[in-house]
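Undergrad: Chains as they are written, first to last, in my numbering: chain A, -7 to 104; chain B, 131 to 246. Glycine included, every Cβ here is placed at the ideal spot set by N, Cα and C. My questions all concern the structure below.
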Amino acid sequence: LAKTTQPISMDSYEGQEVNITCSHNNIATNDYITWYQQFPSQGPRFIIQGYKTKVTNEVASLFIPADRKSSTLSLPRVSLSDTAVYYCLVGARYNQGGKLIFGQGTELSVKP
Amino acid sequence: GAVVSQHPSRVICKSGTSVKIECRSLDFQATTMFWYRQFPKQSLMLMATSNEGSKATYEQGVEKDKFLINHASLTLSTLTVTSAHPEDSSFYICSATEGSSNQPQHFGDGTRLSIL
């Protein structure tokens, strides 16, 4: 399973766009990139998943360059409630194989 | 959407007690469930993979006799921390995945275990 590297923490202000980059140099051909969000004392919540180029849903966008050795989670116009830890994971798509290995995560702090 | 329910949400008990934590998939059948442990300010650490009808697969360094896992049905997996000690105090989280579904893993809201 490919290892991921993310910034340990980031600060932002309400209304700003936040971009969190994750490095995964050893990503395998079949690997997908998945991002989860975790609030204190709660389980992680799925945010977005992608394989290449750009994926967008109602809460975030995921940008993946052609070499797939990194990815960037983009949160548009963050609010205080987006303060959480964000994890980037690399592995089998959804439940094929299933095993998720969590890296250190990025602690995002959104200030008023 | 799919929901995974974990019970209890919090347990406080004396050293030497065995504690059982339940993980249920509420609106889907989970052929595979996973158990994680998370210490304060740290990431989730995968403990074991629980497969319905078969023995769990434990990660390296996790004592299978200490952390008993039973996945007796497609909607329920249990983790029993046997003879718990203060160092077992942690946040335990389960996740579940539906067999052939095109859905990501869904996580429970965790169980805060405190051993006195």
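(1) Looking only at its chain, what residues have a beta carbon closer than 6 Å to the beta carbon of Thr162 (chain B), apart from the 5 residues adjacent to it on each side?
(2) Would you call His16 (chain A) buried or exposed, if buried means 16 or more other Cβ atoms sit within 10 Å of its Cβ?
(3) How should Gly191 (chain B) be labelled, buried or exposed, when 16 other C-beta atoms within 10 angstroms of its C-beta is the threshold for buried?
(4) Going along chain B, which residues have a C-beta under 7 Å from Ile93 (chain A)?
(5) Would you kindly work out how many angstroms separate the C-alpha atoms of Arg18 (chain A) and Ala58 (chain A), rounded to a whole number?
(6) Who are Thr48 (chain A)'s beta bridge partners in DSSP?
(7) Drop a sphere of 10 angstroms on the beta-carbon of Thr45 (chain A), count the other beta-carbons inside from all chains shown, and report buried for 16 or more, exposed for fewer.
(8) Smallest Cα separation from Lys326 (chain B): which of B:Tyr222, B:His236, B:His201 and B:Asp218?
(9) Kindly say whether Gln159 (chain B), judged by its beta-carbon, lies nearer than 8 Å to any beta-carbon of chain A.
(10) Should Ala214 (chain B) go down as buried or exposed, given a rule of 16 or more other Cβ atoms within 10 Å for buried?
(11) Would you give the residue range spanned by the beta strand (DSSP E) that Asn181 (chain B) belongs to?
(12) If we ignore side chains and look at the alpha-carbon of each, how far apart do Cys224 (chain B) and Glu6 (chain A) end up?
(13) Any beta carbon from chain B within less than 8 Å of Ser1 (chain A)'s own beta carbon?
(14) Would you give the residue range spanned by the beta strand (DSSP E) that Lys150 (chain B) belongs to?
(15) When DSSP builds the beta bridges, which residues end up paired with Phe38 (chain A)?
(16) With 16 as the cutoff for other CB atoms within 10 Å, does Val133 (chain B) come out buried or exposed?
(17) Straight-line CA distance for Lys194 (chain B) to Tyr188 (chain B)?
(18) Quick one: list the residues of chain A neighbouring Phe169 (chain B), beta-carbon separation under 8 Å, in chain order.
TA: Walking through what the data contain:
(1) Asn181 and Thr227
(2) buried
(3) exposed
(4) Leu176
(5) For the sequence presented, residue 18 (chain A) should be read as Asn rather than Arg. Distance between the alpha carbons of Asn18 (chain A) and Ala58 (chain A): 14 Å.
(6) A:Ser53
(7) exposed
(8) Because chain B here runs from 131 to 246, residue 326 (chain B) falls outside it and cannot be looked at.
(9) no
(10) buried
(11) Met175 to Asn181
(12) 32 Å
(13) no
(14) Val149 to Ser155
(15) A:Tyr28
(16) exposed
(17) 7 Å
(18) Ordered by position in chain A, no residue passes the 8 Å Cβ test against Phe169 (chain B), which lies about 12 Å from the chain.
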